[in-house]
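If you read the sequences in order, they're chains F and D. Residue numbering for the first sequence follows this note's numbering, beginning at 5 and increasing consecutively. Residue numbering for the second sequence follows this note's numbering, beginning at 518 and increasing consecutively.
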Amino acid sequence: GDSVTQMEGPVTLSEEAFLTINCTYTATGYPSLFWYVQYPGEGLQLLLKATKADDKGSNKGFEATYRKETTSFHLEKGSVQVSDSAVYFCAGGSNYKLTFGKGTLLTVNP
Amino acid sequence: DAGVIQSPRHEVTEMGQEVTLRCKPISGHDYLFWYRQTMMRGLELLIYFNNNVPIDDSGMPEDRFSAKMPNASFSTLKIQPSEPRDSAVYFCASRERGTANEKLFFGSGTQLSVL
């Protein structure tokens, strides 16, 4: 079955630092890929997505590029803020089912 | 729209008791999903419905778990009898009709503690 592997946290950064959270996937076919974010006490929210190879998803300064050759979808942000502190989930899927990674806790200190 | 609404937000119960979690999806959404989140296993899909019909329940851990969707605006997840290892956050999510890759809208979750 499909699987998503993402970098284990926690990740702690200072404000304005560069962020990378790695994500790789294994699936039959070519699934769409997503990054979701979960703020404390809330449900998951879609952050960005890419539906085919070489697509770049972007939102709120975050970016991720769908790399078919490396089966990766790494999340990046050039300058993180304290408000970016949350848990980030990589997800992939097709046929109406999403498989999630285990999540990476990001803490940004002022 | 108020989004996906789950109740209760927190549930504390004793082992052996029946627990019922409730979910109201966003109006007009055809798909409803139940997920369980734990530190050890992350976010797991338990079951999902399309037009109120269960499509895939392969993620339901065992017969103690059951889910129903009697109409388009309401779903329940029941655990009977509950066990301490069922302690987790349970999320309900819904998706609007359309392509398979439309985004999920999640509720705020139910934090379940079984003592």
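In this text, a Cβ means the ideal position worked out from N, Cα and C, and glycines have one as well.
Residue(s) in a DSSP beta bridge with F:Phe-72: Translated into positions along the first sequence, residue 72 of chain F becomes position 68. The question names Phe, but residue 72 of chain F is Lys in the sequence shown. Answer is none; F:Lys-72 lacks a bridge partner.
Among F:Gly-45, F:Gly-33 and F:Tyr-29, the one whose alpha carbon lies nearest that of F:Trp-39: Locating residue 39 of chain F in the first sequence gives position 35, counting from the first residue. With distances taken between Cα atoms, F:Trp-39 lies closest to F:Tyr-29.
For F:Phe-93, the residue or residues it bridges with in DSSP: Residue 93 of chain F sits at position 89 when you count from the first residue of the first sequence. F:Phe-93 pairs with F:Tyr-40.
Backbone secondary structure at D:Asp-603 - three-state DSSP: As a position in the second sequence, residue 603 of chain D is number 86, starting the count at 1. Three-state result, D:Asp-603: helix.
D:Arg-558 beta carbon less than 9 Å from that of D:Thr-627: On the second sequence, residue 627 of chain D is found 110 positions in, with the first residue counted as 1. On the second sequence, residue 558 of chain D is found 41 positions in, with the first residue counted as 1. It is not a contact, given that the beta carbons lie outside the stated cut-off.
Bounding residues of the beta strand (DSSP E) (the contiguous stretch that carries F:Tyr-29): Taking the first sequence and counting its residues from 1, the one referred to as residue 29 of chain F is at position 25. 27–30 is the span of the beta strand (DSSP E), which, as asked, contains F:Tyr-29.
CB contact check: D:Val-521 to chain F, cutoff 9 Å: For this step, residue 521 of chain D is matched to residue 4 along the second sequence. Cβ-Cβ to chain F under 9 Å: yes for D:Val-521.
Where the beta strand (DSSP E) through F:His-78 begins and ends: The residue labelled residue 78 of chain F in the question sits at position 74 within the first sequence. No beta strand (DSSP E) contains F:His-78, which DSSP labels as neither H nor E.
Same chain, Cβ closer than 6 Å to F:Thr-55, five either side skipped, listed in chain order: Reading the first sequence from its first residue, position 51 is the one you call residue 55 of chain F. Same-chain partners within the cutoff: Ser-36.
Nearest-angstrom Cβ-Cβ length linking F:Phe-22 and F:Gly-82, presumed shorter than 8 Å: Counting from 1 along the first sequence, the entry for residue 22 of chain F is found at position 18. Counting from 1 along the first sequence, the entry for residue 82 of chain F is found at position 78. F:Phe-22 to F:Gly-82, Cβ: 6 Å. Contact.
Contact with chain D by F:Thr-111, beta-carbon distance below 9 Å: The residue given as residue 111 of chain F occupies position 107 in the first sequence. With 9 Å as the cut-off, F:Thr-111 does not count as an interface residue toward chain D.
Terminal residues of the beta strand (DSSP E) in which F:Gly-61 lies: For the purposes of this step, residue 61 of chain F is taken as the residue at position 57 of the first sequence. F:Gly-61 -> beta strand (DSSP E) spans 60–63.
Closer than 9 Å at the beta carbon, the chain D residues around F:Glu-46: Sequence index remark: in the first sequence, residue 46 of chain F carries index 42 (1-based). Residues of chain D passing the Cβ test: Phe-623, Ser-625 and Gly-626.
Alpha carbon of D:Glu-600 to alpha carbon of D:Ser-630, nearest angstrom: For this step, residue 600 of chain D is matched to residue 83 along the second sequence. For this step, residue 630 of chain D is matched to residue 113 along the second sequence. Rounded to whole angstroms, D:Glu-600 to D:Ser-630 spans 9 Å at the Cα level.
Cβ-based contacts, 9 Å cut-off: residues of the segment 20–50 of chain F near chain D: Pro-35, Ser-36, Phe-38, Tyr-40, Gln-42, Gly-45, Glu-46, Gly-47, Leu-48, Gln-49 and Leu-50
Three or more C-beta pairs below 8 Å linking the segment 45–64 of chain F and the segment 527–539 of chain D: no
From F:Leu-17, F:Lys-101 and F:Leu-102, residue whose alpha carbon lies closest to that of F:Thr-108: Against the first sequence, residue 108 of chain F aligns to sequence position 104. Of F:Leu-17, F:Lys-101 and F:Leu-102, the residue nearest in Cα terms is F:Leu-17.
9 Å Cβ cutoff, F:Lys-53 in contact with chain D: Within the first sequence, numbered from 1, the residue matching residue 53 of chain F stands at position 49. Yes - at least one Cβ of chain D is within 9 Å of the one on F:Lys-53.
Proximal residues to D:Leu-563 (C-beta, below 6 Å), its chain only, five neighbours per side dropped: Counted from its first residue, the second sequence places residue 563 of chain D at position 46. Around D:Leu-563: Trp-551, Arg-553, Gly-576 and Met-577.
Interface residues of chain F facing D:Asp-573 [CB-CB closer than 9 Å]: Position 56 of the second sequence holds residue 573 of chain D. Under the 9 Å cutoff, chain F gives Tyr-100 and Lys-101.
Under the three-state DSSP convention, the category F:Ser-7 falls into: Stepping through the first sequence from its first residue, residue 7 of chain F is reached at position 3. Residue state, collapsed to three classes: strand.
Given 8 Å, three or more beta-carbon pairs between the segment 604–624 of chain D and the segment 579–586 of chain D: no
Three-state class that DSSP yields for D:Ser-630 in the structure shown: Locating residue 630 of chain D in the second sequence gives position 113, counting from the first residue. D:Ser-630: strand per DSSP, three-state reduction.
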